[in-house]
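Engineer: All residue numbers for the sequence shown refer to our numbering, where the first residue is 1 and numbers rise by one. We treat Cβ as the ideally placed atom computed from N, Cα and C, and that holds for glycine. Only a predicted model underlies this, so the values are computations on that prediction, with no experimental measurement involved. For reference, the structure I am asking about is given below.
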Amino acid sequence: MDEFQIIAEIFTPLAGEGALGLKDDAALIAARPGFDLVVTTDAIAEGTDFFAFDPAGMVARKALRVNLSDLAAKGAVPHGYLLNVALPQSVTPDWLKAFAAGLALDQAEFGIALLGGDTGRTEGPLGISITAFGFVPQGRMTRRNGARPGDDIYVTGTIGDSGGGLAIFRRETHALTESQRDFLTGRYRLPAPPAAFAPSLSGFASASVDVSDGLIADLGHLAQASGVKLVIDAAAIPRSDALRAFWGDAAAAILRAATAGDDYQIAFTASPSNRDAVMTAARGVSVMVTRIGQAEAGEGVTLQLDGRALAVPRPGYRHF
Ligand code: ADP
Ligand code: MG
């Protein structure tokens, strides 16, 4: 298939309103009075963020979801996205069809549509870059910089599952059941950003951040932007039963989960006066939310276990 066949046959069925059938030079996003447009971009590459043997549909959905977690962390409701693909010669029409089918599933699940993109060849590994757009009520995007001393710290979902899944793919020995193993590898392949929780964030959150590099690393970004110290109760960090069965409950296991990355959850802070509002919102959309610590005057992130601070030699994943 040449570039124009790929666009017409594979991508045009995914095009949303404003995409102009992928037949123009650019797409159109109608301005919405009373709303701000939130914009984010993230790329994933074969060999770094997914394996060459991963199913095409899963790769597509991961590429989209790593962006949806940024929109969710900012309280934005997904609207549309741009898709840039660098395709090696080895990619077949069937692979592309499965890739598009994965996108179609998640477009329906998250209420987002394709607006445009670019299609090119590469001599290197497959690369997928997505830019996503979402709307928030004007002035209500939650930023990293609003945490105050005394605020509670929360995180959605469970932490470290994707890191556990990656360890399994890398053949770390384990004695897990098949379903525990599939749960963890599934979390690596397919993140589950808490999109349904996003619209309520601005009602109570003083600051928020997408957890993608590692819980400690990303909380470090929030601490720095807000000019506060974040004290985390290591034992409170939510970990799945499968991950606990894999890595155990020792300090080293908690530290590993909290620094592994690829979680695509939301960490946020809120005044203690908002505790009921946080939990009510979480229950209303069936998203797990756990209180894991408190902000104080100072700087950095401290991980406490049994009254002492754990050393954190490497707070998260780094590309360089
Ligand atoms: P240009 O010559 O400006 O690069 P293209 O021929 O690449 O334009 O693209 C033509 C149309 O197809 C544009 O609307 C573009 O957004 C769309 N398009 C190209 N590649 C993709 C893709 N991978 N996903 C979605 N839309 C795409
Ligand atoms: Mg182009």
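Helix, strand or coil for residue 294? Go by DSSP, reduced to three states.
Structural biologist: For the purposes of this step, residue 294 is taken as residue 294 along the sequence shown, with counting starting at 1. Looking at residue 294 - three-state DSSP - the assignment turns out to be strand.
Engineer: Does the distance between the C-beta of residue 117 and the nearest non-hydrogen atom of the ligand ADP fall short of 7 Å?
Structural biologist: To locate residue 117, count along the sequence shown from 1; it is residue 117. Yes, the Cβ of residue 117 comes within 7 Å of a heavy atom of the ligand ADP.
Engineer: Could you say if the region 170-181 and the region 269-280 meet the contact criterion of at least three C-beta pairs nearer than 8 Å?
Structural biologist: Not touching, per the Cβ criterion.
Engineer: Is it the case that the Cβ atoms of residue 133 and residue 80 are separated by a distance below 8 Å?
Structural biologist: Within the sequence shown, residue 133 is the residue found at index 133, counting from 1. Within the sequence shown, residue 80 is the residue found at index 80, counting from 1. Their beta carbons are under 8 Å apart, which means residue 133 touches residue 80 by this criterion.
Engineer: What number of angstroms, rounded off, separates the C-alpha of residue 76 from the C-alpha of residue 252?
Structural biologist: Taking the first residue of the sequence shown as position 1, residue 76 is located at position 76. Taking the first residue of the sequence shown as position 1, residue 252 is located at position 252. Going from the Cα of residue 76 to the Cα of residue 252 covers about 35 Å.
Engineer: Express the C-alpha separation of residue 187 and residue 98 in angstroms, rounding to a whole number.
Structural biologist: Taking the sequence shown and counting its residues from 1, the one referred to as residue 98 is at position 98. Taking the sequence shown and counting its residues from 1, the one referred to as residue 187 is at position 187. Using only the alpha carbons, I get a separation of about 20 Å.
Engineer: So, is residue 265 buried or exposed, given that buried needs 16 or more other C-beta atoms within 10 angstroms?
Structural biologist: Stepping through the sequence shown from its first residue, residue 265 is reached at position 265. Buried.
Engineer: Helix or strand or just coil, what does DSSP make of residue 302?
Structural biologist: Working through the sequence shown from its first residue, we reach residue 302 at position 302. Three-state result, residue 302: strand.
Engineer: Secondary structure at residue 345, three-state DSSP: helix, strand or coil?
Structural biologist: A query on residue 345 cannot be resolved here, the shown segment of the chain reaching from 1 to 320 and no further.
Engineer: In angstroms with no decimal places, state the Cα-to-Cα distance between residue 121 and residue 64.
Structural biologist: Counted from its first residue, the sequence shown places residue 121 at position 121. Counted from its first residue, the sequence shown places residue 64 at position 64. The alpha-carbon atoms of residue 121 and residue 64 are separated by roughly 20 Å.
Engineer: Can we say the region 224-231 touches the region 107-124, given the rule of at least three CB pairs closer than 8 Å?
Structural biologist: The region 224-231, when compared against the region 107-124, does not touch it at the 8 Å Cβ threshold.
Engineer: What does the Cβ neighbour count give for residue 93, buried or exposed, with the cut at 16 atoms within 10 Å?
Structural biologist: As a working mapping, residue 93 is identified with position 93 in the sequence shown. That one is exposed.
Engineer: Residues in the same chain with beta-carbon distance under 7 Å from residue 145, minus the five sequence neighbours each way, listed in chain order, please.
Structural biologist: Taking the first residue of the sequence shown as position 1, residue 145 is located at position 145. 207, 225, 226.
Engineer: Please classify residue 62: is it buried, with 16 or more other beta-carbons within 10 angstroms of its beta-carbon, or exposed?
Structural biologist: The sequence position of residue 62 within the sequence shown is 62, counting from 1. With 16 or more Cβ atoms within 10 Å of its Cβ, residue 62 is classed as buried.
Engineer: Can you tell which of 82, 192, 212 has the C-alpha that lies nearest to the C-alpha of residue 319?
Structural biologist: Position 319 of the sequence shown holds residue 319. Among 82, 192, 212, the Cα nearest to that of residue 319 is on 212.
Engineer: Using C-beta distances below 7 Å, list every residue in its chain close to residue 22, excluding the 5 sequence neighbours before and after it, in chain order.
Structural biologist: For this step, residue 22 is matched to residue 22 along the sequence shown. These residues qualify, in order along the chain: 7, 11, 12, 15, 116.
Engineer: Report the residue from 230, 245, 304, 147 whose alpha carbon sits nearest the alpha carbon of residue 173.
Structural biologist: Within the sequence shown, the letter at position 173 stands for residue 173. Closest option to residue 173, Cα to Cα, is 245.
Engineer: Is the region 149-161 touching the region 103-115, taking contact as three or more C-beta pairs under 8 Å?
Structural biologist: As far as the Cβ criterion goes, the region 149-161 does not touch the region 103-115, which means the pair count is below three.
Engineer: Spatial neighbours of residue 282 within its chain, please: CB distance less than 6 Å, with the 5 preceding and 5 following residues excluded, ordered by chain position.
Structural biologist: Here residue 282 corresponds to residue number 282 of the sequence shown, with the count starting at 1. Answer for residue 282: 289, listed in chain order.
Engineer: I'd like to know whether the C-beta atoms of residue 295 and residue 259 end up nearer to each other than 8 Å.
Structural biologist: Within the sequence shown, residue 295 is the residue found at index 295, counting from 1. Within the sequence shown, residue 259 is the residue found at index 259, counting from 1. No, Cβ-Cβ distance for residue 295 and residue 259 is not below 8 Å.
Engineer: Give me the residue from 104, 66, 46 with the minimum Cα distance to residue 90.
Structural biologist: Locating residue 90 in the sequence shown gives position 90, counting from the first residue. With distances taken between Cα atoms, residue 90 lies closest to 46.
Engineer: Please confirm whether residue 250 and residue 184 have their CB atoms less than 8 Å apart.
Structural biologist: Within the sequence shown, the letter at position 250 stands for residue 250. Within the sequence shown, the letter at position 184 stands for residue 184. Contact: no.
Engineer: Using three-state DSSP, classify residue 126 as helix, strand or coil.
Structural biologist: One-based indexing of the sequence shown puts residue 126 at position 126. DSSP places residue 126 in coil when its eight states are reduced to three.
Engineer: Kindly indicate which residue of 230, 1, 297, 38 has the alpha-carbon position closest to the one of residue 87.
Structural biologist: Within the sequence shown, numbered from 1, the residue matching residue 87 stands at position 87. The shortest C-alpha separation from residue 87 is found at 1.
Engineer: Is the distance from the Cβ of residue 235 to the Cβ of residue 305 below 8 Å?
Structural biologist: For the purposes of this step, residue 235 is taken as residue 235 along the sequence shown, with counting starting at 1. For the purposes of this step, residue 305 is taken as residue 305 along the sequence shown, with counting starting at 1. Cβ distance < 8 Å, so residue 235 and residue 305 count as in contact.
Engineer: Is it the case that the CB of residue 130 approaches a heavy atom of the ligand ADP more closely than 7 Å?
Structural biologist: The residue you call residue 130 lines up with position 130 of the sequence shown. No, the ligand ADP has no heavy atom inside 7 Å of this Cβ.
Engineer: When every heavy atom of the ligand ADP is checked, does at least one fall within less than 7 Å of the C-beta of residue 268?
Structural biologist: Here residue 268 is taken as the residue at index 268 of the sequence shown, counted from 1. Not under cutoff, so the answer is no.
Engineer: Inspect the beta-carbon positions of residue 219 and residue 230 and report whether they are closer than 8 Å.
Structural biologist: To locate residue 219, count along the sequence shown from 1; it is residue 219. To locate residue 230, count along the sequence shown from 1; it is residue 230. Cβ atoms of residue 219 and residue 230: closer than 8 Å.
Engineer: Please report the distance separating the alpha-carbon of residue 73 from that of residue 284.
Structural biologist: Here residue 73 is taken as the residue at index 73 of the sequence shown, counted from 1. Here residue 284 is taken as the residue at index 284 of the sequence shown, counted from 1. One C-alpha to the other measures close to 18 Å.
Engineer: Let me confirm a value: residue 165 is counted as buried when at least 16 other C-beta atoms fall within 10 Å, else exposed. Which label applies?
Structural biologist: As a position in the sequence shown, residue 165 is number 165, starting the count at 1. By the 10 Å Cβ count, residue 165 comes out buried.
Engineer: Using only the heavy atoms of the ligand ADP, determine whether one of them is closer than 7 Å to the beta carbon of residue 112.
Structural biologist: Translated into the one-based positions of the sequence shown, residue 112 becomes position 112. Because no heavy atom of the ligand ADP lies under 7 Å away, the Cβ of residue 112 does not count as near it: no.
Engineer: Can you give me the Cβ contacts of residue 54 inside the same chain, cut-off strictly under 7 Å, excluding the 5 residues immediately before and after it?
Structural biologist: For this step, residue 54 is matched to residue 54 along the sequence shown. Hits under 7 Å: 189.
Engineer: Considering only their Cβ atoms, is the gap separating residue 44 from residue 153 smaller than 8 Å?
Structural biologist: Within the sequence shown, numbered from 1, the residue matching residue 153 stands at position 153. Within the sequence shown, numbered from 1, the residue matching residue 44 stands at position 44. Taking 8 Å as the Cβ cut-off, residue 153 and residue 44 do not qualify as a contacting pair.
Engineer: Kindly identify the DSSP beta-bridge partner or partners of residue 229.
Structural biologist: The residue given as residue 229 occupies position 229 in the sequence shown. According to DSSP, residue 229 bridges with 296, 300.
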